[in-house]
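Below you'll find the structure, written out as structure tokens, and then a few comments.
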């Protein structure tokens, strides 16, 4: 229950109530998307919807690169789409965001570094927003021995958990990250993707909640599957492209 309100204040676009006993964050809404794979329609949707959120998080596979497919100008298209997102935005790289070749920007996801601006955070960055600490983990980067942040953007979920195991039973989670979580040294919340049909969109390992919005739908023209997280309320709501919804109380 909030105390009597003396006034409402805005800071970094977030709504706070201030009273004689302190300041209280009313809402900290995150739009979590992942594995957009250079789909123009999904980036256009993201640009149109981002104004409703305090932070947009894209957790890897922004591009759709592999050694056997032409890049086909997708890097320039995706970078242009990201420039149109007016909200605070944080991204981390995935396994389809880099490829060896003539374009040095595509090696080790170096292109992400060119996107960095005061309200856009990329691989290797950590920041504080609304009193919560965030970190953007690069694909197959070295993880710290213990998380000091509240939220990680990390493409692969922990191993041995439903968000990192496909419906057929194959595991694609990160074993190092999994060990960290099982040892109670992971972040409070991990926003991930990578596994396109996980056994569940949410799971908890140790102190770490893992969220992965991916599902069986592949709708080119509609909205991508996404999760709306409210850190202040401690809630997460999955929204599928089909319109189906599911919710969980995180804390």
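Residue numbers (this note's numbering): 68 to 318. Cβ coordinates follow ideal geometry from the N, Cα and C atoms, glycine included. Nothing here was measured: the structure is a model prediction, and the numbers come from that model.
Who pairs with residue i in a beta bridge, going by DSSP?
i           : result
residue 219 : 202, 257
residue 124 : 99, 157
residue 270 : 277
residue 238 : 232
residue 297 : 96, 302
residue 134 : The partner list for residue 134 (beta bridge, DSSP) is empty, contrary to what the question assumes.
residue 265 : 233
residue 225 : 241
Since I believe residue j is in contact with residue i (beta carbons under 8 Å), could you give me their beta-carbon distance rounded to a whole number of angstroms?
i           : j           : result
residue 161 : residue 127 : 3 Å
residue 203 : residue 192 : 5 Å
residue 273 : residue 306 : About 27 Å separates the two Cβ atoms, so there is no contact after all.
residue 261 : residue 223 : 5 Å
residue 118 : residue 153 : 6 Å
residue 142 : residue 172 : 7 Å
residue 263 : residue 102 : 7 Å
residue 113 : residue 155 : The Cβ separation is near 13 Å, so there is no contact.
Alpha carbon to alpha carbon, how far is residue i from residue j?
i           : j           : result
residue 230 : residue 269 : 6 Å
residue 251 : residue 144 : 40 Å
residue 146 : residue 194 : 22 Å
residue 90  : residue 198 : Because residue 90 carries a pLDDT of 48, less than 50, the predicted location of this residue cannot be relied on, and the following value inherits that uncertainty. The alpha-carbon atoms of residue 90 and residue 198 are separated by roughly 11 Å.
residue 130 : residue 105 : 5 Å
residue 258 : residue 97  : 10 Å
residue 109 : residue 189 : 20 Å
residue 308 : residue 225 : 25 Å
residue 221 : residue 120 : 20 Å
residue 157 : residue 297 : 16 Å
residue 291 : residue 278 : 15 Å
residue 233 : residue 281 : 11 Å
residue 210 : residue 242 : 11 Å
residue 150 : residue 175 : 21 Å
residue 177 : residue 124 : 19 Å
residue 235 : residue 138 : 30 Å
residue 228 : residue 254 : 15 Å
residue 115 : residue 245 : 35 Å
residue 294 : residue 315 : 11 Å
residue 239 : residue 275 : 18 Å
residue 132 : residue 299 : 36 Å
residue 134 : residue 318 : 42 Å
residue 187 : residue 205 : 15 Å
residue 312 : residue 180 : 34 Å
Just to check, is the beta-carbon of residue i closer than 7 Å to a non-hydrogen atom of the ligand MG?
i           : result
residue 214 : Absent from the structure shown: the ligand MG. Ligands present: none.
Terminal residues of the continuous beta strand (DSSP E) containing residue i?
i           : result
residue 319 : Nothing can be reported for residue 319, as the shown portion of the chain is limited to 68 through 318.
residue 278 : 275-278
residue 304 : 302-306
residue 195 : 193-196
DSSP on residue i, reduced to helix/strand/coil?
i           : result
residue 178 : helix
residue 90  : Reliability of the predicted coordinates at residue 90 is poor, the pLDDT of 48 falling under 50, and the value obtained from them is presented with this limitation in mind. Strand.
residue 316 : strand
residue 114 : helix
residue 108 : helix
residue 289 : coil
residue 149 : helix
residue 143 : helix
residue 184 : strand
residue 119 : helix
residue 129 : coil
Since residue i is in the alpha helix (DSSP H), which residue starts that stretch and which ends it?
i           : result
residue 244 : 242-249
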